[in-house]
Amino acid sequence: MTEMTKEEYKEFLLQGTKTGKLATVREDGRPHVVPIWYELDGDNLVFTTGETSVKAKNMTRDPRISISVDDQTPPYSFVTIEGTASFSKDPQQLLHWATKIGRRYMGEDKAEAFGKRNAAEGELLVKITPTKVIAHKDVTAW
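According to the working numbering, the sequence shown is numbered sequentially starting from 100.
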């Protein structure tokens, strides 16, 4: 197993359509883990969600999160990000990022429709600022 450089883990996060597994903390302390589609904005990870979703409620109450992204094929790799969530309801930013995320995961032909749907009233743009990154490649290498 080899530790990834910052450039390597950012490239890994942007390859293909891997989902992130976002962990937040419920009000009663239980973990809540959900898959997310995301993009990178510099060193920050961004995604959209409905402001009434469980993850949004959890993050607005306690902005500490963890996200894990992995490659499930040998020789296996993963990136785990611990960080802090911040939020925006800016319509232009929501549309920009929702469209970019839609393009990545759904293709160019559906990007605009996905962007409009996920930039509507009641949506939040979430930006994760990393506080710790653990990134390893070639997990099965001896």
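Beta carbons: idealized from backbone N, C-alpha and C, even for Gly. A quick note: this is a predicted structure, and the numbers were derived from the prediction, not measured.
Beta-carbon spacing of residue i, residue j below 9 Å
{"i": "Val168", "j": "Gly119", "result": "yes"}
{"i": "Gly182", "j": "Arg160", "result": "no"}
{"i": "Ile227", "j": "Gly214", "result": "no"}
Straight-line gap, residue i to residue j (C-alpha atoms, nearest Å)
{"i": "His235", "j": "Met103", "result": "5 Å"}
{"i": "Asp208", "j": "Leu121", "result": "27 Å"}
Any chain D beta carbon closer than 9 Å to residue i
{"i": "Glu107", "result": "The structure shown has no chain D; it contains just one protein chain."}
Classification of residue i by the beta-carbon crowding that lies within 10 angstroms, buried from 16 upward
{"i": "Val132", "result": "exposed"}
{"i": "Met100", "result": "exposed"}
Where residue i sits in the DSSP three-state scheme
{"i": "Thr118", "result": "coil"}
{"i": "Asn143", "result": "strand"}
{"i": "Gly214", "result": "helix"}
{"i": "Glu181", "result": "strand"}
{"i": "Gly201", "result": "helix"}
Own chain, CB closer than 8 Å to residue i, minus 5 neighbours either side, in chain order
{"i": "Phe111", "result": "Met103, Val168, Asp170, Ser176, Val178, Ala234, Lys236"}
Cut-off 6 Å between Cβ atoms - residues of its own chain near residue i, not counting five sequence neighbours on either side
{"i": "Val232", "result": "Ile180"}
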